[in-house]
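See structure below.
There are 2 protein chains.
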Amino acid sequence: MDKILRIDVGSQGGPKAVETGLGDYEGLGGRAMTSGIISKEVPPLCHPLGADNKLVIAPGMLSGSAAAMSGRLSVGCKSPLTGGIKESNSGGQGAQVLARLGYAAIVLEGKPSNDTLYKVVINHDGVKIEADNSLKMLGNYDLVDKIKDTYGEKFCSISIGPAGEMKLSAATIAITDMEQRPTRHAGRGGVGAVMGSKGIKAIILDDTGCKMRKPKDPEAFKAANKEFVAGIKKHPVSGEGLPAFGTNVLTNVLNEAGGYPTRNFSSGQFEGAGKISGETLAELETSRGGKATHGCHTGCIIKCSGTFHDKDGNYLTKQPEYETIWAHGGNCCIDDLDAIAMLDRLDDDFGIDTIEMGATIGVAMEAGLAEFGDAEAAINFVKQVGEGTPLGRILGNGAEVTGKVFGVERIPVVKGQAMPAYDPRAVQGIGVTYATTTQGADHTAGYAVATNILGVGGNVDALKPEGQIELSRNLQIATAAIDATGMCLFIAFPILDQPETFQALVDLLNGFHGLSLTADDVSALGKSILTKEREFNAGAGFTSKHDRLPEYFKNEKLAPHGVTFTVSDEELDQVFNW
Amino acid sequence: MDKILRIDVGSQGGPKAVETGLGDYEGLGGRAMTSGIISKEVPPLCHPLGADNKLVIAPGMLSGSAAAMSGRLSVGCKSPLTGGIKESNSGGQGAQVLARLGYAAIVLEGKPSNDTLYKVVINHDGVKIEADNSLKMLGNYDLVDKIKDTYGEKFCSISIGPAGEMKLSAATIAITDMEQRPTRHAGRGGVGAVMGSKGIKAIILDDTGCKMRKPKDPEAFKAANKEFVAGIKKHPVSGEGLPAFGTNVLTNVLNEAGGYPTRNFSSGQFEGAGKISGETLAELETSRGGKATHGCHTGCIIKCSGTFHDKDGNYLTKQPEYETIWAHGGNCCIDDLDAIAMLDRLDDDFGIDTIEMGATIGVAMEAGLAEFGDAEAAINFVKQVGEGTPLGRILGNGAEVTGKVFGVERIPVVKGQAMPAYDPRAVQGIGVTYATTTQGADHTAGYAVATNILGVGGNVDALKPEGQIELSRNLQIATAAIDATGMCLFIAFPILDQPETFQALVDLLNGFHGLSLTADDVSALGKSILTKEREFNAGAGFTSKHDRLPEYFKNEKLAPHGVTFTVSDEELDQVFNW
Numbered sequence: 022m023d024k025i026l027r028i029d030v031g032s033q034g035g036p037k038a039v040e041t042g043l044g045d046y047e048g049l050g051g052r053a054m055t056s057g058i059i060s061k062e063v064p065p066l067c068h069p070l071g072a073d074n075k076l077v078i079a080p081g082m083l084s085g086s087a088a089a090m091s092g093r094l095s096v097g098c099k100s101p102l103t104g105g106i107k108e109s110n111s112g113g114q115g116a117q118v119l120a121r122l123g124y125a126a127i128v129l130e131g132k133p134s135n136d137t138l139y140k141v142v143i144n145h146d147g148v149k150i151e152a153d154n155s156l157k158m159l160g161n162y163d164l165v166d167k168i169k170d171t172y173g174e175k176f177c178s179i180s181i182g183p184a185g186e187m188k189l190s191a192a193t194i195a196i197t198d199m200e201q202r203p204t205r206h207a208g209r210g211g212v213g214a215v216m217g218s219k220g221i222k223a224i225i226l227d228d229t230g231c232k233m234r235k236p237k238d239p240e241a242f243k244a245a246n247k248e249f250v251a252g253i254k255k256h257p258v259s260g261e262g263l264p265a266f267g268t269n270v271l272t273n274v275l276n277e278a279g280g281y282p283t284r285n286f287s288s289g290q291f292e293g294a295g296k297i298s299g300e301t302l303a304e305l306e307t308s309r310g311g312k313a314t315h316g317c318h319t320g321c322i323i324k325c326s327g328t329f330h331d332k333d334g335n336y337l338t339k340q341p342e343y344e345t346i347w348a349h350g351g352n353c354c355i356d357d358l359d360a361i362a363m364l365d366r367l368d369d370d371f372g373i374d375t376i377e378m379g380a381t382i383g384v385a386m387e388a389g390l391a392e393f394g395d396a397e398a399a400i401n402f403v404k405q406v407g408e409g410t411p412l413g414r415i416l417g418n419g420a421e422v423t424g425k426v427f428g429v430e431r432i433p434v435v436k437g438q439a440m441p442a443y444d445p446r447a448v449q450g451i452g453v454t455y456a457t458t459t460q461g462a463d464h465t466a467g468y469a470v471a472t473n474i475l476g477v478g479g480n481v482d483a484l485k486p487e488g489q490i491e492l493s494r495n496l497q498i499a500t501a502a503i504d505a506t507g508m509c510l511f512i513a514f515p516i517l518d519q520p521e522t523f524q525a526l527v528d529l530l531n532g533f534h535g536l537s538l539t540a541d542d543v544s545a546l547g548k549s550i551l552t553k554e555r556e557f558n559a560g561a562g563f564t565s566k567h568d569r570l571p572e573y574f575k576n577e578k579l580a581p582h583g584v585t586f587t588v589s590d591e592e593l594d595q596v597f598n599w
Numbered sequence: 022m023d024k025i026l027r028i029d030v031g032s033q034g035g036p037k038a039v040e041t042g043l044g045d046y047e048g049l050g051g052r053a054m055t056s057g058i059i060s061k062e063v064p065p066l067c068h069p070l071g072a073d074n075k076l077v078i079a080p081g082m083l084s085g086s087a088a089a090m091s092g093r094l095s096v097g098c099k100s101p102l103t104g105g106i107k108e109s110n111s112g113g114q115g116a117q118v119l120a121r122l123g124y125a126a127i128v129l130e131g132k133p134s135n136d137t138l139y140k141v142v143i144n145h146d147g148v149k150i151e152a153d154n155s156l157k158m159l160g161n162y163d164l165v166d167k168i169k170d171t172y173g174e175k176f177c178s179i180s181i182g183p184a185g186e187m188k189l190s191a192a193t194i195a196i197t198d199m200e201q202r203p204t205r206h207a208g209r210g211g212v213g214a215v216m217g218s219k220g221i222k223a224i225i226l227d228d229t230g231c232k233m234r235k236p237k238d239p240e241a242f243k244a245a246n247k248e249f250v251a252g253i254k255k256h257p258v259s260g261e262g263l264p265a266f267g268t269n270v271l272t273n274v275l276n277e278a279g280g281y282p283t284r285n286f287s288s289g290q291f292e293g294a295g296k297i298s299g300e301t302l303a304e305l306e307t308s309r310g311g312k313a314t315h316g317c318h319t320g321c322i323i324k325c326s327g328t329f330h331d332k333d334g335n336y337l338t339k340q341p342e343y344e345t346i347w348a349h350g351g352n353c354c355i356d357d358l359d360a361i362a363m364l365d366r367l368d369d370d371f372g373i374d375t376i377e378m379g380a381t382i383g384v385a386m387e388a389g390l391a392e393f394g395d396a397e398a399a400i401n402f403v404k405q406v407g408e409g410t411p412l413g414r415i416l417g418n419g420a421e422v423t424g425k426v427f428g429v430e431r432i433p434v435v436k437g438q439a440m441p442a443y444d445p446r447a448v449q450g451i452g453v454t455y456a457t458t459t460q461g462a463d464h465t466a467g468y469a470v471a472t473n474i475l476g477v478g479g480n481v482d483a484l485k486p487e488g489q490i491e492l493s494r495n496l497q498i499a500t501a502a503i504d505a506t507g508m509c510l511f512i513a514f515p516i517l518d519q520p521e522t523f524q525a526l527v528d529l530l531n532g533f534h535g536l537s538l539t540a541d542d543v544s545a546l547g548k549s550i551l552t553k554e555r556e557f558n559a560g561a562g563f564t565s566k567h568d569r570l571p572e573y574f575k576n577e578k579l580a581p582h583g584v585t586f587t588v589s590d591e592e593l594d595q596v597f598n599w
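Top to bottom, those sequences are chains A and B.
All the letters of the first sequence, read from the start, carry residue numbers 22 to 599 under the working numbering.
All the letters of the second sequence, read from the start, carry residue numbers 22 to 599 under the working numbering.
The structure is reproduced here in structure tokens:
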């Protein structure tokens, strides 16, 4: 991981690849790398689909090593959805394979002079870029099948579906999993549209012949990894809840807490929650021959994923995540797991963010385009996105555009990005994160749900403003650092509760890189990432006025608790005052 | 003009009218009134279509008097198009009639609890508000005909078409002219959507039995008006060019200057300009029995308007304005005046901004939805807006949304509002105004074209950055003040060139209101309006980063002069540093 691959898609005669050293970016990984390059090289006021934007794909500091859980890939750019900086983070095989191929980052830059579509093939022998218009408008599943015909069963692909080619603001970048299925996505913020604007359909990675990255201090590293694995296994969330029921274990939890956004954020409980809960899902999956416990990348020991088979027992999609099931389910009052799984499959195939898509359908339903609960209409909406009809293009540009186009006032977005599956009135800590993170409404940027609802990392009353600023601040700092390591965010549960597991993470970094970081250094890393991101956003015109929830969260009471969001604007402005 | 009519559309049982005194708003008119109320009463971060936004309709300080040219109406709100403060300004009979009825402002506030549509009837006897769902989705022309059936031939109506009811961000408010045709529009910034969000379809004004407003010093006022009229008549622009050929006299002028945005702002000259010029238009109008010289409101002596008849000699629309003919014409490479007139008629009927609509069609054509020059496609696009199809709703939300939905990079907007008919690269002074005005790209906010191209108010080289900041600053200050008086902006030509005509305007204000204002006081009025507007926008999250043109104006050279926009960011930030 000592080189950066830069591909200038604006070169005469088609995209041209150049390898460089790390230069200023030495030692960075994941989100530290993507936000480092974007904040330094991209003019904040540029058009997200123009020549000056860049797409950066970076494995984490520990990716490609033997460290457990180290397979997260960061994708960065100026976001077409938010207009601010974006780091979108994905599982799948991308990070491990890219790291083993030796690349600390791939940077797509410039602007193509025509609409030829290209694929980039990277293996032990080097980089090849080929025009291939036969890939145009292929869904990710068909695309991967087609790649298999040529490149066999060993590659990992990083690709866009039709949504990315159409440059829709909710388009994702798909990363294949261990079964070469395009089920893992850098989902948020429209990173797929930026890849589409660069004219690159797929990056095909094959690390055959490449070795696992070696630690500088193998003994220390091995010991730390052992402690780290033990810590993950012994924590009830990462060791029990997530493996058994996946992320969807949260449906019943959030619904009981009254923080499950229902009917486009107009209630905090969904009467059909039991029908789509993690418990129900796991049972259904197992009964049809799917898996309820499965990892998304090499080195995963939590295994929060699974596979979902249709009624005939055939693979349909990976186990849909909690946020996906909420977005298409409770938020749209749909309580049919088969319909939700079909929506998940379609989203993955077209390359569209499941959270943004579900929130958008909720807004469309509020606009009267369909009744809440109409699963068939929801499926039709997503199909229209894939087809690129005018309605599909509206929906594929997310909740804010859809709300604007149809004159809806209740649009659950911050900085143009739709809120995920936690109502900020009933989980006030996550409301602080939604409002203030550089990313637009994003639960993963500072997952205060852990402490507000799950009692991880202490206890802060979810319904009150007290303590939420400090909670979100500390989580945002820690998360930025974790996102730099390549570690799955679910390690946060054990490291928040178990000091020895946190120390094991620091020891992993030190053992691998031959460093002597302390906890303070990790915190400093997180702060430095956030500072760069905020500077970029300020340059793009963001102010404290953008660090706010839509006003209806302050005015409309949420059932069953009758709560509004009560953290004050003055408090919100203190999040980054560390 | 000693009272304000406030209509709370959120009252139980339907909208409720209350008359109040002027209070804090004593002495204000037009834009000073609208921006005064909005900046004081509307939370800058509110949703433009929500309960907290207000729609303010205000005649000018001299409206309803015998002063020539005093019939402009200001409409203010938080704009659904820009997200900032908006003053949209219209001719027609509205200002004169409303002022004679004694109202300094009508304020629509609150949010309706259902979708019943109301009409407000105001006459000498008072205010009546009636539910009338039979008006739903009527075009402005049919609406006015229907009103005539009940209210006769004396009223003036202020209404929205289907676009306003659908709350599209480019929706206008139509004001009837002297012939009771809905041809005058508060066009920019989506004010019609805000009226639609308040559930008010039409405000029907009848000043029968009301008297002309009386000056405090009749002799001084009469003398000033005489001097003012003489000044307007003797200036070549207001006395000759505008009466003879209307605003469209500018087509040949701008085209020859290489500043006529063509093919979605990709060239500065249009080969078909001669076919759609003011000279050609006037001849065509006259030959078909229409008028080439006609006023839009009582008291107009410039008479820059006219009537356009179709091939069979039947009235089709008013004389389309220069900006309309450019937007639908040169910008879309359409050189057919009949098609352009039909587009103007459809825009007026549906209640949609001609500038935003034409710029949007240019973006749609760039996206490949139709060929440039395809008039039939353009007409079909606008019809879809009226019908509210998904494509129509996209287009009806303006150029920025359309560009986003279809992944277009070249979107000619500032603060979300489309640029009018002057390319900022070849008319750099207007570029400064586009970038920095509180209103989003708006030529009327500081019409530097006068000095850059027409040699009015001095000479500043249109192609160079020197002098443009001071020019735009002074014009923005003067314009804000003029917009407060109710005067038509075309008085700017004589008052810029003829000190005695400027003094006559000051004397008109003094004679009417019994004041002793100086030129400095007029300037202070303009500055105070701009300051309030900028404070509102800052509260809505606007910074200097929003006072910028899209980057391609700095990078793409405009033919035939090969120029880019060269006023620096640092200079732009000095516009309001007076």
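Virtual Cβ for every residue (Gly too), placed ideally from N, Cα, C.
Status (buried if at least 16 other CB within 10 Å, exposed otherwise) for residue i
i       : result
N480(B) : exposed
H145(B) : exposed
S190(B) : buried
T272(B) : buried
Q117(B) : buried
V39(B)  : exposed
G44(B)  : exposed
E487(A) : exposed
Where residue i meets chain B, residues with beta-carbon distance less than 7 Å
i      : result
E40(A) : Per Cβ cutoff of 7 Å: no residues; E40(A) is ~28 Å from chain B at best.
Simplified DSSP assignment, three categories, for residue i
i       : result
P80(B)  : strand
F597(A) : coil
Euclidean distance between Cα positions of residue i and residue j
i       : j       : result
D590(B) : G35(A)  : 34 Å
V250(A) : G316(A) : 15 Å
K404(A) : L367(A) : 7 Å
L551(B) : I498(B) : 7 Å
L76(A)  : Y124(A) : 15 Å
I106(A) : L492(A) : 23 Å
K37(B)  : E186(B) : 20 Å
R431(A) : G71(A)  : 31 Å
I168(A) : S178(A) : 9 Å
Chain A residues whose Cβ lies nearer than 8 Å to that of residue i
i       : result
F137(B) : Rather than Phe, the amino acid found at residue 137(B) in this sequence is Thr. Result: empty, since nearest Cβ-Cβ is about 16 Å, beyond 8 Å.
R569(B) : L66
P133(B) : Correct list: empty, because the minimum Cβ distance to chain A is about 12 Å.
Rounded Cβ spacing between residue i and residue j (contact assumed at less than 8 Å)
i       : j       : result
A192(B) : I373(B) : 6 Å
V384(A) : G428(A) : Rounded, the Cβ-Cβ distance is 11 Å, inconsistent with contact.
Residues that residue i contacts on chain A, provided the C-beta gap is smaller than 7 Å
i       : result
A561(B) : K566
F597(B) : What F597(B) touches in chain A: nothing, since even the nearest Cβ is about 17 Å away.
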